[in-house]
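Going down the list, the protein sequences come from chains A and B.
As numbered in the numbering used here, the first sequence has no gaps in its residue numbers, which increase by one up to the final residue, 744.
As numbered in the numbering used here, the second sequence has no gaps in its residue numbers, which increase by one up to the final residue, 73.
What follows is a short report on a single structure.
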Amino acid sequence: MTVGGPAAARGGPESGARPVRIVLAGNPNAGKSTLFNALTGGTARVGNFPGTSVSTTSGRLSLPGGVQATLVDLPGTFSLAAASPDERVAMAAILGLGVERPDVVLVVADGPRLLRSLYLALQVMELGVPTVLAVNLMDEARSEGLDVRLDALAGELGIPVVGTVARSREGVDALLEALAEAAAGRAATPAHGWSEALDADVAAVAAALPGASGLTAASREAVARWVLLSADAEGVAPGFEAVAPVVREVRQAAGRVGRDLEAELVGTRYAWIDARGPVFLGRAGVATARSVTERIDKVLLHPVAGPVVFFAVMALAFTALFSWADPLIGLVETVFGWLGDGVGAGFDAVAAALPGLAGGIGIARDLVVEGIIGGVGSVLVFLPQIAMLFLLLAFLEDCGYLARAAHLMDRVLRAAGLPGRAFVPMLSGYACAVPAILATRTMPRFRDRLLTMLVIPLTSCSARLPVYTLLIAALFPATLWGFLPVRPLALLGMYVLSTASAVVASIVLGRTLLRQAEDAVLLELPPYRVPDPRVVVRVVYSRCTDFVREAGGIILLATVVIWAALSFPRATPEALVGPEAVAAAQAAGPAAEAALDEEVASRALEHSVAGRLGHAIEPVIAPLGYDWRMGIGLLGAFAAREVFVSTLGVVYGIGEDVDEADEGLRERLQEDRRADGRATYTPLVAMSLMVFFAFALQCLSTMAVLRKESGGWRWPLAAFAWNGALAYGAALLVFQGGRLLGFE
Amino acid sequence: MTLDQLLPGQFAQIAAVGGVGAFRRRLLELGLLPGTEIERTGQAPLGDPLSFRVRGAVLCLRRVDAAVIGIAR
Numbered sequence: 001m002t003v004g005g006p007a008a009a010r011g012g013p014e015s016g017a018r019p020v021r022i023v024l025a026g027n028p029n030a031g032k033s034t035l036f037n038a039l040t041g042g043t044a045r046v047g048n049f050p051g052t053s054v055s056t057t058s059g060r061l062s063l064p065g066g067v068q069a070t071l072v073d074l075p076g077t078f079s080l081a082a083a084s085p086d087e088r089v090a091m092a093a094i095l096g097l098g099v100e101r102p103d104v105v106l107v108v109a110d111g112p113r114l115l116r117s118l119y120l121a122l123q124v125m126e127l128g129v130p131t132v133l134a135v136n137l138m139d140e141a142r143s144e145g146l147d148v149r150l151d152a153l154a155g156e157l158g159i160p161v162v163g164t165v166a167r168s169r170e171g172v173d174a175l176l177e178a179l180a181e182a183a184a185g186r187a188a189t190p191a192h193g194w195s196e197a198l199d200a201d202v203a204a205v206a207a208a209l210p211g212a213s214g215l216t217a218a219s220r221e222a223v224a225r226w227v228l229l230s231a232d233a234e235g236v237a238p239g240f241e242a243v244a245p246v247v248r249e250v251r252q253a254a255g256r257v258g259r260d261l262e263a264e265l266v267g268t269r270y271a272w273i274d275a276r277g278p279v280f281l282g283r284a285g286v287a288t289a290r291s292v293t294e295r296i297d298k299v300l301l302h303p304v305a306g307p308v309v310f311f312a313v314m315a316l317a318f319t320a321l322f323s324w325a326d327p328l329i330g331l332v333e334t335v336f337g338w339l340g341d342g343v344g345a346g347f348d349a350v351a352a353a354l355p356g357l358a359g360g361i362g363i364a365r366d367l368v369v370e371g372i373i374g375g376v377g378s379v380l381v382f383l384p385q386i387a388m389l390f391l392l393l394a395f396l397e398d399c400g401y402l403a404r405a406a407h408l409m410d411r412v413l414r415a416a417g418l419p420g421r422a423f424v425p426m427l428s429g430y431a432c433a434v435p436a437i438l439a440t441r442t443m444p445r446f447r448d449r450l451l452t453m454l455v456i457p458l459t460s461c462s463a464r465l466p467v468y469t470l471l472i473a474a475l476f477p478a479t480l481w482g483f484l485p486v487r488p489l490a491l492l493g494m495y496v497l498s499t500a501s502a503v504v505a506s507i508v509l510g511r512t513l514l515r516q517a518e519d520a521v522l523l524e525l526p527p528y529r530v531p532d533p534r535v536v537v538r539v540v541y542s543r544c545t546d547f548v549r550e551a552g553g554i555i556l557l558a559t560v561v562i563w564a565a566l567s568f569p570r571a572t573p574e575a576l577v578g579p580e581a582v583a584a585a586q587a588a589g590p591a592a593e594a595a596l597d598e599e600v601a602s603r604a605l606e607h608s609v610a611g612r613l614g615h616a617i618e619p620v621i622a623p624l625g626y627d628w629r630m631g632i633g634l635l636g637a638f639a640a641r642e643v644f645v646s647t648l649g650v651v652y653g654i655g656e657d658v659d660e661a662d663e664g665l666r667e668r669l670q671e672d673r674r675a676d677g678r679a680t681y682t683p684l685v686a687m688s689l690m691v692f693f694a695f696a697l698q699c700l701s702t703m704a705v706l707r708k709e710s711g712g713w714r715w716p717l718a719a720f721a722w723n724g725a726l727a728y729g730a731a732l733l734v735f736q737g738g739r740l741l742g743f744e
Numbered sequence: 001m002t003l004d005q006l007l008p009g010q011f012a013q014i015a016a017v018g019g020v021g022a023f024r025r026r027l028l029e030l031g032l033l034p035g036t037e038i039e040r041t042g043q044a045p046l047g048d049p050l051s052f053r054v055r056g057a058v059l060c061l062r063r064v065d066a067a068v069i070g071i072a073r
């Protein structure tokens, strides 16, 4: 192989030139993120790798001698094959395909599993870039009785090797020095060779590679080897379609003489590593001590204790999401309430000073207070639950339990066509679909992620609860036949319905639209560790900023649009209720004026776009047992399901500050009559409404997050359509079926 | 004999790695190669997936996937 990487060709970095670019590659659970923090001191910026949805983190650091450097943290991978987007990103970042070429690649090895980590190190070295190896978790390796010989490693590999304990910064200074030297040094030259037959195969593929890819001779060969290894019956890695015919030929020729290319390519590297195992790891190269992890797993994976602990952990997590986030959500709402009141008062003062402009100022006031401040509030109100969920997820992931949870639940979820990893996101859906959909990022396979995202909106989120509570409390009897507690049972029934529908939807979707061969589960159970708080905080922070940046704009826009639909066109009180009524109320005093205001608000809503739409859709929703007022409520609920309650409050002239426990609203619903004198709201109508809310994807925030996580509007719109059809059909069945059975 | 037949606590040597495509490549790249020693450590409460120790790491495989790996005791 030829010597001469990018840094050598440029004559090394000069002071004052652009910063040295270092990329950080390593196995999952090797402590890569902790090492990243130790090196950069937490100056992290999260961004997507160009052209992908894979996020990479970059930070700045100073190398000895005052050289500035950028460190890019790649997703954790075991290999550079093209099996997953993460691996393709790692490969592209190291080769500089589509991004700047790195000056140095820092490979983080998992100390206790050193030999396996060396596989990735050898792959990186083959690419012909200066490489530094950090053997991390040296403390764990020592406590497991492994004797890692760094000098032997450096000698055999021919690259700088530093032992580190990232958490306590052990070895970090030595690592910085090694990086500075490597940045000015030459490319790595792999010590292992290949069989003649393999070299011939690789040369054939290398010759067919497109010429202008900006690769050195060494990396051309490495890329050819990579394309050969990544190819399978379905084809070659994306972007390398040009060499597909040659790859197919080479593979077929090998197959004819009974050769196994994958085993040869992988086996050659491992043969080199395994032959030197005793040199790298002292005598036997096997851990002698039974680790703490095994003792903990004796309990946590126990046939009885395991599930008990699992459900306790999940119950705690769910409580945290459902209840503990509440005070923070309340705080966000209160702060935005104050902000709205304060700004509103400011506008009112200006309007009082400039009576001629009062009308225009009034509209501006409502736009700012209710549209914009309310809209920003409706984005930020998700943050407590998102932060809470990712705090839990990052904690569970970092301490090693999340993989166990996936292991424990795999058999259960497999019945629904999902892997074990889907459990935590699905559970989170019962609190709020928005963070739950973000949580599917822990799932490696896109098809499984998409399936999980599409069924999460069916889980009964907490925003449905006010709607159910209002309808159940107002319209269902407390007991049936004198003993049956109807109300709790009805609520429980809604949760059972939602769970059953999510499971059925997953099975149906998984066997139709998202039909794909069941993926083999290959899950690693990492050793238990005390989570690194800085890593946990970084994950929480980056998920929250991700959400605000990517979904915040759409949620804000949607809130403003819905506010406008509920508020425009405007009309004066005189036009809405008649000048006589206004004059009479003003004459009768403050109590009558307050009553008039509510009446005016109700009429204004009916007069608005949403009100007219409510009337317009009445023929469509009448078969479900709904009138136009409920239609307005359903439209308002698109901002957030619980808005149904406050919209009904305005429609019925009770004011918008009602909640589901409001006695006035409950009574109003019980007393409301249709034109023919029958009750508008009956238990049957309540059931029809609740079923509608259970199925309909009536949440623009969920749609915004779905768009972002699934990569376009296609899936959220499809989900909206089929969930809507399901909701309509089910509500129709409930109402018309109930009437056939003789209920009202 | 195949890997799914190994009992908890038993050791074996991998004899052949079957399977196809990305799954097989992943097994090989994790170091499950002919001659590698593997130990069955346990299983999930419902009897599936199974867990194995190989090269100092614990890996979980569904029974059906473990059956593609041939072993010799």
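Beta carbons are placed, not taken as given, at the ideal position from N, Cα and C, and that holds for glycine.
Please read these numbers as outputs of a predicted model, since none were measured by experiment.
Test: residue i CB closer than 8 Å to a CB of chain A
i, result
"ARG73 of chain B", "no"
"ALA22 of chain B", "yes"
"GLU29 of chain B", "yes"
"ALA67 of chain B", "no"
"GLY42 of chain B", "yes"
"LEU33 of chain B", "yes"
Member of the options whose CA lies at the smallest distance from the CA of residue i
i, options, result
"GLY636 of chain A", "A:PHE692, A:LYS32, A:ARG113, A:GLY611", "A:GLY611"
"ARG538 of chain A", "A:THR34, A:PRO75, A:ALA30", "A:THR34"
"VAL107 of chain A", "A:PRO75, A:VAL685, A:PHE476, A:VAL650", "A:PRO75"
"ALA433 of chain A", "A:ALA394, A:VAL376, A:ASP398, A:ALA502", "A:ALA502"
"LEU624 of chain A", "A:GLU656, A:GLN736, A:GLN670", "A:GLN736"
"LEU497 of chain A", "A:PHE692, A:LEU576, A:VAL540", "A:PHE692"
"LEU557 of chain A", "A:SER378, A:PRO569, A:LEU470, A:PRO531", "A:SER378"
"GLY362 of chain A", "A:GLY346, A:SER219, A:ILE373", "A:GLY346"
Euclidean distance between Cα positions of residue i and residue j
i, j, result
"VAL645 of chain A", "ALA639 of chain A", "12 Å"
"ALA208 of chain A", "ARG414 of chain A", "43 Å"
"THR647 of chain A", "PRO619 of chain A", "20 Å"
"LEU61 of chain A", "ALA188 of chain A", "23 Å"
"PRO444 of chain A", "ALA90 of chain A", "15 Å"
"THR77 of chain A", "VAL313 of chain A", "28 Å"
"PHE322 of chain A", "THR57 of chain A", "30 Å"
"GLY11 of chain A", "PRO190 of chain A", "Any reading at GLY11 of chain A must be qualified, since the residue scores a pLDDT of 40, below 50, and its modelled position is unreliable; the value itself is stated next. Approximately 22 Å, taken between the alpha carbons."
"THR459 of chain A", "GLY738 of chain A", "25 Å"
"ARG411 of chain A", "GLY417 of chain A", "10 Å"
"CYS461 of chain A", "LEU380 of chain A", "18 Å"
"ASN37 of chain A", "ARG421 of chain A", "27 Å"
"ALA750 of chain A", "ALA184 of chain A", "Any answer about residue 750 of chain A is impossible in this case: the structure gives chain A only from 1 up to 744."
"LEU732 of chain A", "ILE472 of chain A", "19 Å"
"GLU241 of chain A", "VAL734 of chain A", "54 Å"
"ILE507 of chain A", "SER710 of chain A", "19 Å"
"THR499 of chain A", "MET453 of chain A", "14 Å"
"PRO355 of chain A", "ARG365 of chain A", "14 Å"
"GLU75 of chain B", "ARG116 of chain A", "Because chain B is modelled from 1 through 73, residue 75 of chain B falls outside the range shown and cannot be assessed."
Cβ separation of residue i and residue j, assumed to be a contact under 8 Å, to the nearest whole Å
i, j, result
"ARG441 of chain A", "LEU301 of chain A", "The Cβ separation is near 25 Å, so there is no contact."
"GLN13 of chain B", "ALA72 of chain B", "5 Å"
"ARG386 of chain A", "ARG543 of chain A", "Per the sequence shown, the amino acid found at residue 386 of chain A is Ile instead of Arg. About 6 Å; that satisfies the 8 Å criterion."
"VAL205 of chain A", "VAL247 of chain A", "6 Å"
"ALA66 of chain B", "LEU3 of chain B", "4 Å"
"LEU146 of chain A", "LEU229 of chain A", "So it is not a contact: roughly 29 Å between Cβ atoms."
"LEU605 of chain A", "LEU566 of chain A", "6 Å"
Residue-chain proximity (residue i, chain B), Cβ-Cβ < 8 Å
i, result
"TYR528 of chain A", "no"
"GLU262 of chain A", "yes"
"ASP672 of chain A", "no"
"GLY255 of chain A", "no"
"ALA731 of chain A", "no"
For the stretch 5-19 of chain B, which residues have a beta carbon sitting closer than 9 Å to at least one beta carbon of chain A? Cβ contacts with chain A come from VAL17, GLY19.
Contact set between the stretch 48-60 of chain B and chain A, restricted to residues whose Cβ is under 8 Å from the partner: Answer in chain order: ASP48, PRO49, SER51, ARG55, GLY56, ALA57, VAL58, LEU59, CYS60.
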